[in-house]
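Worksheet for the structure shown next.
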Amino acid sequence: MQTVAVLSLKGGVGKTTVTLGLASAALRRGIKTLVIDLDPQGNATATLDPQPAQFGLAEVLTTPRPPVLSQAVSRSAWDEQVHVLTGNHALEELNEGPDEGTLPNLARAIAWYADPANGPRYELILLDCPPSLGRLTRSALLAATGALVVTEPTMYAVSGAQRAFAAIERTRKEHNPRLRALGVVVNKFRSRSHEHMYRIAELRESFGQLVMPVALPDRLAVQQAAGSCTPIHEWSTPGGREIALAFNLVLARMLRSSRRGRHHLEPPEADEEETSGDAERNGSANGSALQAPVRRPPANAPRRPDEPQPAKR
Ligand SMILES: Nc1ncnc2c1ncn2[C@@H]1O[C@H](COP(=O)(O)OP(=O)(O)OP(=O)(O)O)[C@@H](O)[C@H]1O
Ligand SMILES: [Mg+2]
196 MQTVAVLSLK
206 GGVGKTTVTL
216 GLASAALRRG
226 IKTLVIDLDP
236 QGNATATLDP
246 QPAQFGLAEV
256 LTTPRPPVLS
266 QAVSRSAWDE
276 QVHVLTGNHA
286 LEELNEGPDE
296 GTLPNLARAI
306 AWYADPANGP
316 RYELILLDCP
326 PSLGRLTRSA
336 LLAATGALVV
346 TEPTMYAVSG
356 AQRAFAAIER
366 TRKEHNPRLR
376 ALGVVVNKFR
386 SRSHEHMYRI
396 AELRESFGQL
406 VMPVALPDRL
416 AVQQAAGSCT
426 PIHEWSTPGG
436 REIALAFNLV
446 LARMLRSSRR
456 GRHHLEPPEA
466 DEEETSGDAE
476 RNGSANGSAL
486 QAPVRRPPAN
496 APRRPDEPQP
506 AKR
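Terminal number for the sequence shown in this note's numbering: 508, no gaps in between.
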């Protein structure tokens, strides 16, 4: 079983979208999945629309004991294969203030759910984190076997991803040696944007092959499917199919990285999986066409500064 924390330290970049897209891809592959919504906003919960359960994540974190744990998970409206541990505003006060020794409670709860004697045999647990390094995200990193960093290809992407990796590294060294950085997912990519190309090249210079070779395109289908509580793989518009395919590739890569124990930042080099296709330009919805081009910024783009922080433009 793999437990993957989906995080970024910035709001609105697509953590919930990536969590839901991966759950949808896992559903397609018949992978039994539990989504744990750590965000007080409860956005993943709203889109998964689970059957009512007696308890939610807030109760699980304060009282991680079998009578609570056994009544906290329910099936989503998507399918019996996808279960949910719900998040709501009650999580807000668990995100701040002193730790009081409760940080490992999520790991305790997940260990309980991982025991087949206590319920279904999950193959994948996805942790949708809130947009901060507060207690909830830190408890996710303590409980996870892998961490996926989500970013947009915009100005502060590199520094945001660096801070996220620093948090992952710190947690791995100090508390959770099983934790592996699985990669950076670039979301809301527009292939015609020079700015986006430049920022992706910048991310690749900093993080090498940790940057997923598939960037998730900016498509209206994402919002439409989420709004109608539907897995993106069932949203059969061209944009829906395109991004569903991208999620398949990200899931496959993530599971492979997890098995290999991908962790260390590698020197930048060409990745054999990368291509320079472009779905928008080709009008195509095939997988390789979705991949973000791997090339230096165009000659008229601003030069990348030597220091790791992105240049202000
Ligand atoms: N690839 C995409 N194409 C189009 N819209 C997208 C895409 N990814 C995310 N969005 C939209 O952007 C908004 C923010 O996405 P999302 O809620 O996934 O971000 P988040 O990082 O989870 O936010 P928060 O930090 O508030 O939890 C949502 O309206 C979502 O539908
Ligand atoms: Mg979210």
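No residue lacks a Cβ here, since even glycine has one placed at the ideal position from N, Cα and C.
{"query": "Could you pull out every residue in the same chain whose Cβ sits closer than 6 Å to the Cβ of Thr211, ignoring the five residues on either side in sequence?", "result": "Asn238, Ala239, Asp323"}
{"query": "On the DSSP letters alone, give me the boundaries of the alpha helix (DSSP H) that Ala200 sits inside.", "result": "It is not in any alpha helix (DSSP H) - Ala200 instead sits in the beta strand (DSSP E) that spans 197-202."}
{"query": "What separation, rounded to the nearest whole angstrom, lies between the Cα atoms of Ala221 and Ala421?", "result": "16 Å"}
{"query": "Rounded to whole angstroms, what's the CA-CA distance from Leu298 to Thr198? Just pull it up for me.", "result": "16 Å"}
{"query": "When you compare the CB of Tyr393 with every CB in chain C, is at least one pair closer than 7 Å?", "result": "Among the chains in the structure shown there is no chain C, since it carries only a single protein chain."}
{"query": "Could you spell out where the beta strand (DSSP E) holding Leu229 opens and where it closes?", "result": "228-232"}
{"query": "Considering only the alpha carbon of each residue, which of Leu280, Asn300, Arg333, Ser453 lies closest to Val513?", "result": "The shown model of the chain, from 196 to 508, leaves out residue 513, and the question about it has no answer."}
{"query": "Distance, Cα to Cα, Pro293 vs Asn283?", "result": "20 Å"}
{"query": "With a CB to CB cut of under 8 Å and the five nearest residues on each side skipped, what residues in its chain are close to Arg414?", "result": "Gly434, Gly435, Glu437, Ile438"}
{"query": "Buried or exposed: Ala312, going by 16 or more other Cβ atoms within 10 Å of its Cβ?", "result": "exposed"}
{"query": "Report yes or no: do the stretch 348-355 and the stretch 389-399 share at least 3 C-beta pairs separated by less than 8 Å?", "result": "yes"}
{"query": "Does DSSP classify Phe402 as helix, strand or coil?", "result": "helix"}
{"query": "Put His278 into one of helix, strand or coil per three-state DSSP.", "result": "strand"}
{"query": "Suppose the cutoff is 6 Å on Cβ atoms and the five residues either side in sequence are ignored; what does the same chain contact list for Glu287 look like?", "result": "Pro235"}
{"query": "Could you check what DSSP says for Ser431 in three-state terms: helix, strand or coil?", "result": "coil"}
{"query": "Counting along the chain, where does the alpha helix (DSSP H) carrying Gly355 start and finish?", "result": "352-369"}
{"query": "Quick check: what's the CA-CA separation for Glu384 versus Arg260?", "result": "Residue 384 is actually Phe in this sequence, not Glu. Taking the straight line joining both Cα atoms gives about 42 Å."}
{"query": "Considering only the beta carbon of each residue, do Val277 and Ala218 sit closer than 7 Å?", "result": "yes"}
{"query": "Go through its chain and collect everything with a Cβ distance to Trp307's Cβ below 8 Å, but skip five positions before and after it.", "result": "Pro259, Pro261, Leu264, Asn313"}
{"query": "In or out: Asp232 buried (at least 16 other Cβ within 10 Å) or exposed?", "result": "buried"}
{"query": "Mapping the DSSP letters down to three states, classify Gly341 as helix, strand or coil.", "result": "strand"}
{"query": "When DSSP builds the beta bridges, which residues end up paired with Ser269?", "result": "Val279"}
{"query": "Once the 5 residues before and after Leu398 are set aside, which same chain residues still bring their CB inside 8 Å of it?", "result": "Thr346, Pro348, Ala352, Val353, Ala356, Val379, Val381, Val406"}
{"query": "Taking the alpha-carbon positions, what's the Leu440 to Val213 distance?", "result": "13 Å"}
{"query": "Which value, in whole angstroms, describes the spacing of the CA atoms of Ser327 and Ala359?", "result": "10 Å"}
{"query": "Ordered along the chain, which non-local residues of its own chain (more than five positions away) have a Cβ less than 8 Å from that of Ala480?", "result": "In this predicted model, Ala480 has a pLDDT of only 34, less than 50, meaning its place in the structure is not dependable; the value taken from the coordinates is given anyway. Hits under 8 Å: Pro433, Arg436, Glu437, Leu440, Ala474."}
{"query": "Go ahead and pull the three-state DSSP assignment for Val208.", "result": "coil"}
{"query": "Quick check on DSSP: helix, strand or coil for Thr346?", "result": "strand"}
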